[in-house]
Amino acid sequence: MGVRRRTGGFVLLVNPILCDGFGHCAELAPDLVRMDEWGYPIITTEPVPLANLAALESARYAVRGCPRQALRIERVSDHP
Amino acid sequence: MISPDQLPRVLHQAADRPLTLAQHEEAFGPMPPSAPSLEQLEASGLTGRGGAGFPTWRKAKLIRELRGHNKFVIVNAMEGEPAAHKDRTLISANPHLVLDGAEHLAGIVGAKHIAVCVSRDNPVMVNHLQRAIHERDRRSMRGATFELHTPPWRYVAGEESALVHWLDDNESLPQYRPRRPHILRIGHAPVLLDNAETCAHVGLIGRYGGDWFRRLGTPSSPGSTLVSVTGAVARPTVLEVALGTPLHSILERAGADLDPQALLMGGYGGAWLDARHLDAPYTNDALGPLESTVGAGVIIVLPRSGCGIVETQRIARWMANESARQCGPCAFGLPAIAEDLAHLAFDARDAAAAYERLLDRCGAIEGRGACRHPDGVVRLVRSALRVFAAHVEDHVRGQSCVASRSTHHYTSVPTLEREEELIWE
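Just so you know, the sequences run in chain order A and B.
Under the working numbering, the first sequence is numbered contiguously, ending at residue 1241.
Under the working numbering, the second sequence is numbered contiguously, ending at residue 413.
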């Protein structure tokens, strides 16, 4: 494995068609996700640095905890 | 050969009946033996006429460079905008020019199939296209094969991913495409999708070349385009104008009210434009800074006697009903926005609160659907709040608005269907 490079950032993406507004992501990753008035997630659009391990872990929890499997983490390389 | 400075181009020799293949070839010259090169298309500077205004050559290049033996070219003549009549006019005038363009595009990208999509709710267009395709099939067996497809008429059915999904799976539902540009596929086969008017222009470029095409229009938006003018006009018309024509001369040619309150540009997902800007040239470059757009070539004229908020509310309510109800922010957000607009327009006691809610909800919905349908409504509502700001103030203060009690409206909206009656397949 070697040493993981912690440069770059990630974004959490939701497939709005799959999403049914269960709301688990807002519980599991409250720093990244807030809910709108109908219970659907509003996710921060600017990339979060990968070095922010707490945020990355919570994003992973959200991805795994989504009952509709609508969430995805995408790496963004151009983030400083 | 049509002279390069002459208008109309795509509506050349338009009559009450569509041109037959023989008449078409007499008027425009015979079909050239080979498709135009991609360089010709690039030199022409043609951009898509369906609303997004993406350069046609770049789209064609993207598909051309892909592998695949069964590529598709799709001609989009769905015309989802209720206020647009350009595809209908074009196909009732000259379906063969559109099919020529589709054949050229198939030649450029190496496609085997050409799927012409037209809504089944418009049997006249279906007839014209059926006839035209039959005429061509009798003449030649070479090249790509034509097929006619008739999805149901829905606002979002003409959206490219919905159309491709319909051909693939018989459901007119938009799809989630996180990465752009996204290559649409039917099965595994890559798809090039272009608006019917774009295809007609390609048909002309294939005959006369890219430099001929650039003789009209501006250097950054060359060529001519079809405009559907409705609202406060003597009679709703479709005109062919050179891009860059000032708006007031388009209105003049259409016989419209020359001292309007505002114009709705681009369609129901477009934006209101204040009538102060009537001198602006009709191009995306000039209208962009004014936060407006050419869009799908729709201009709706709102006279001084009309109420922009009521018109916007009517459109938003219909657009909310036309949502495919796949994404939460669209399925719940658009009816909420329509409701807020109704309160702003008709309910003086709640108008101030409704205005605040409207601003919040527009911000909350934007960019959160799989397709751009909710974004279009947000853009429309925001432009209405900006352009009619003074009048919004009157409504918020509870001053009576005569126009909002009138039953005469300038935007035409189809009757609302109940949710369970909407046909998607």
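Glycine included, C-beta positions come from ideal geometry on N, C-alpha and C.
Keep in mind the model is a prediction, meaning the values are calculated, not measured.
Can you tell me where the alpha helix (DSSP H) holding N423(B) begins and where it ends?
The structure shown does not extend to residue 423(B), since chain B spans only -11 to 413, so no value can be given for it.
Compare the beta carbon distance of V210(B) and F201(B) with 8 Å and say whether it is the shorter of the two.
Reading off the sequence, residue 210(B) comes out as Pro, not Val. Result yes, Cβ atoms of P210(B) and F201(B) sit closer than 8 Å.
Between N309(B), L368(B), V298(B), which has its C-alpha nearest C389(B)'s C-alpha?
That would be V298(B), whose Cα lies nearest to the Cα of C389(B).
Determine the burial state of T281(B): buried for a count of at least 16 other Cβ atoms within 10 Å of its Cβ, exposed for fewer.
buried
Using DSSP's beta-bridge definition, name the partner residues of V179(B).
F60(B)
Measure from the alpha carbon of N82(B) to the alpha carbon of each residue in G33(B), A71(B), T8(B), then state which is nearest.
T8(B)
I303(B) to I(-10)(B), Cα distance in whole Å?
Each residue's alpha carbon lies about 40 Å from the other.
G38(B) and A284(B) - do their beta-carbons sit closer together than 8 Å?
yes
Quick one: which chain A residues come within Cβ less than 7 Å of P323(B)?
Ordered by position in chain A, no residue passes the 7 Å Cβ test against P323(B), which lies about 10 Å from the chain.
Quick check on L1232(A) - is its C-beta less than 8 Å from some C-beta in chain E?
Of the protein chains in the structure, A and B, none is chain E.
For a quick check, are the C-beta atoms of A103(B) and F60(B) less than 8 Å apart?
yes
Quick one: which unbroken alpha helix (DSSP H) runs of 4-plus residues sit fully inside the stretch 1165 to 1236 of chain A? Chain order, please.
1185 to 1189, 1214 to 1226
Just to confirm my understanding: we take A1231(A), look at its own chain, exclude 5 residues before and 5 after, and list those with CB closer than 6 Å. What are they?
V1175, N1176, L1179, C1180
By DSSP's criteria, I174(B) is part of a beta bridge. Which residues make up the other side?
A177(B)
DSSP on V226(B), reduced to helix/strand/coil?
Strand, per DSSP.
In the DSSP assignment, find the unbroken alpha helix (DSSP H) run with H383(B) in it and report its ends.
Judged by DSSP secondary structure, H383(B) falls within the alpha helix (DSSP H) whose first and last residues are 377 to 384.
What residue from I325(B), G98(B), G191(B) has the CA that sits closest to L(-1)(B)'s CA?
G191(B)
Would you call M1162(A) buried or exposed, if buried means 16 or more other Cβ atoms sit within 10 Å of its Cβ?
Residue confidence is low: M1162(A) scores 45 on pLDDT, short of 50, so the model does not pin down where it sits. Its coordinate-derived value is still stated next. Here M1162(A) is exposed. Its C-beta has fewer than 16 other C-beta atoms within 10 Å.
Let me make sure I understand the geometry here. Which of E228(B), R360(B), D267(B), H84(B) has the alpha-carbon closest to that of L246(B)?
D267(B)
If we count Cβ pairs, one from each stretch, closer than 8 Å, do we get three or more for the stretch 345 to 363 of chain B versus the stretch 310 to 325 of chain B?
Contact holds: three or more Cβ-Cβ distances are below 8 Å.
Is there at least one Cβ from chain A nearer than 8 Å to C350(B)'s Cβ?
no
For P20(B), which residues from the same chain have a beta carbon less than 8 Å from its beta carbon, with the 5 sequence-adjacent residues on both sides left out?
Closer than 8 Å at the Cβ level, and outside the excluded window around P20(B), lie G194, R195.
Rounded to the nearest angstrom, what separates Q(-6)(B) and L204(B) at their Cα positions?
For the pair Q(-6)(B) and L204(B), the Cα-to-Cα distance works out to about 8 Å.
Quick one: what does DSSP say R370(B) is sitting in, helix, strand or coil?
helix
CA-CA distance, Q249(B) and P291(B)?
5 Å
Starting from T186(B), trace the beta strand (DSSP E) in both directions and tell me its first and last residue.
T186(B) -> not in any beta strand (DSSP E); alpha helix (DSSP H) instead, spanning 184 to 196.
Rank C295(B), Y343(B), P140(B), A326(B) by C-alpha distance to the C-alpha of T395(B) and give the top, closest one.
C295(B)
Which of the three DSSP states, helix, strand or coil, is assigned to C318(B)?
Helix.
Using a C-beta cutoff of 8 Å, does L1174(A) count as contacting chain B?
By this cut-off, L1174(A) is an interface position.
Determine, using beta-carbon pairs with one atom in the stretch 225 to 234 of chain B and one in the stretch 51 to 60 of chain B, whether at least three such pairs fall under 8 Å.
no
What does Y164(B) reach in chain A if we use C-beta pairs closer than 7 Å?
N1176, P1177, I1178
What residues from the stretch 330 to 358 of chain B come within 7 Å of chain A, judged by C-beta to C-beta, listed N to C?
Residues passing the 7 Å Cβ filter: A352, R356, G357, A358.
Sorted by chain position, which residues of the same chain lie with C-beta nearer than 7 Å to G1200(A)'s C-beta, five sequence neighbours on each side aside?
In the same chain as G1200(A), and ignoring 5 residues on each side of it, the C-beta atoms closer than 7 Å to its own belong to G1182, G1184, in chain order.
Under the rule that 16 or more other beta-carbon atoms within 10 Å means buried, what is V217(B), buried or exposed?
buried
Taking beta-carbon pairs under 7 Å, can you tell me which members of the stretch 1177 to 1207 of chain A lie near chain B?
Flagged, chain order: P1177, I1178, C1180, G1182, D1197, W1199, Y1201, I1203.
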